[in-house]
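Residue numbers (UniProt numbering): 797 to 1047.
We put the beta carbon where it would ideally sit given N, CA and C, even for glycine.
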Amino acid sequence: LALENDLAEAIGTDQLEMFLQPQFDAAGQPDGCEMLMRWTHPVRGPVSPAVFIPAAEESGLILPLGDWVLREGCRTVLRLQEAGHPLPVSINVSPRQFRQIDFAGQVKAILAETGADASQLIFEVTEGLLIENLEETILRMHELVSIGIRFSIDDFGTGYSSLGYLRRLPLYELKIDRSFVQDTPGNPDNPGDTAIVQTILSMAGHLGLRVVAEGVETREQADFLKAAGCTALQGYLLARPMPVAAWLQWQ
Ligand code: G
Ligand code: G
Ligand code: MN
Ligand code: NA
């Protein structure tokens, strides 16, 4: 509870900052980026989103927080464009945020207010979103896709939903969870993970979906993924999450 009170107070202050982690195509060119929240508490120091995002989802704070993330995503789209290095910007949208009755309306209002181009935004959602109210989710996704937003399934392969949804949702991308990427190209203790990655890539290819491999940490993983036809790589090997200003300097 203390954490939640502190988080509520942190919204709108410089304790919270969105970092950006670039994604690279097979030729090594940046072709996208993911925005990731960072919280530096004045006393506790850095608090991991793996800790405070679940707490925010539980308490409902994810709603004002998610609103702020959307705004920051739009601002980042504009900053990257103004700097002459436009890139599609991916943001994480939590199920609770997506399920708000007027979520599509909120997105439209923020786009209108900021003037950002919807086609530069990608919403990462998890399979957890697909377990309940699938019909409503599909309708809402289509509404957002009709204004230019693209959708990505984050942590793909770790949820419990059936693969049938892949045919029914207007998807642009799958992100292979880093738990699978970690054991490629060949961990003798875990040969199944390489097979899973190859199967995801093959299936995505047939469905016309872009694939981002997450958590790429070694040259061997990168070489394997590129040879297997992965569209884009994201991970510490290539770049760590960084402030937007640092990325613009690095460009
Ligand atoms: O950046 P890091 O790997 O520490 O993030 C840990 C978890 O927090 C990941 O599951 C990531 O998706 C989530 N996360 C990070 N930033 C955001 C955000 O802005 N919104 C939401 N909903 N989740 C986020
Ligand atoms: O759940 P989601 O995929 O949104 O979470 C992404 C998280 O993965 C972020 O918290 C980010 O900081 C982290 N991350 C990004 N690249 C790497 C990496 O190469 N290795 C590890 N261990 N984590 C990474
Ligand atoms: Mn993500
Ligand atoms: Na992920």
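Do residue j and residue i come within 9 Å of each other at the CB atom, strictly closer than that value?
i, j, result
"M814", "G869", "yes"
"E931", "I949", "no"
"E879", "L1021", "It is Ala, not Glu, that sits at residue 879 in the sequence shown. No."
"F848", "S886", "no"
"L1029", "Q819", "yes"
"L866", "R834", "no"
"R946", "A912", "no"
"E1010", "V1040", "no"
For ligand 1, I want to know if residue i counts as a neighbour, meaning its beta carbon is within less than 8 Å of at least one of the ligand's heavy atoms.
i, result
"I849", "yes"
"I906", "no"
"P818", "no"
"S915", "no"
"L832", "yes"
"A798", "no"
"M1038", "no"
"L861", "yes"
"Q811", "no"
With DSSP as the reference, identify every bridge partner of residue i, one or two as the case may be.
i, result
"L883", "L883 pairs with nothing; no bridge assigned."
"I972", "F952 and A1009"
"E917", "One point to set straight first is that residue 917 is Leu, not Glu, in the sequence displayed. In DSSP, L917 forms a bridge with V885."
"C829", "P818 and V885"
"F947", "F919"
"R1015", "Note: R1015 sits in no beta bridge, so no partner."
Which residue wins for smallest C-alpha separation from residue i, given the options the options?
i, options, result
"E923", "I897, E805 and S890", "S890"
"F952", "I943, L1033, G1004 and L962", "L962"
"D989", "M999, S998, H1002 and S975", "S975"
"F894", "L926, Q1017, N986 and A1041", "L926"
"E939", "D979, G955, I897 and Q978", "I897"
"L797", "L857, C1026, M999 and D821", "L857"
"S942", "P1037, S915, Y1032 and T933", "S915"
Over what stretch of residues does the alpha helix (DSSP H) that includes residue i continue unbroken?
i, result
"C1026", "Looking at the DSSP string, C1026 is not in any alpha helix (DSSP H), and its letter there is neither H nor E."
"V993", "P987 to L1003"
"R892", "P891 to F894"
"P860", "I858 to E878"
"A908", "F899 to T910"
"S957", "That residue, S957, is in no alpha helix (DSSP H); it is neither H nor E in DSSP."
Hey, is residue i close to ligand 2, as in C-beta under 8 Å from one of its heavy atoms?
i, result
"G1011", "yes"
"D973", "yes"
"P842", "no"
"G1031", "yes"
"A846", "yes"
Which residues mark the beginning and the end of the beta strand (DSSP E) in which residue i is found?
i, result
"V843", "G841 to V843"
Q: List in chain order the residues whose CB is within less than 5 Å of at least one heavy atom of ligand 6.
A: Ligands in the displayed structure: ligand 1, ligand 2, ligand 3 and ligand 4; ligand 6 is not one of them.
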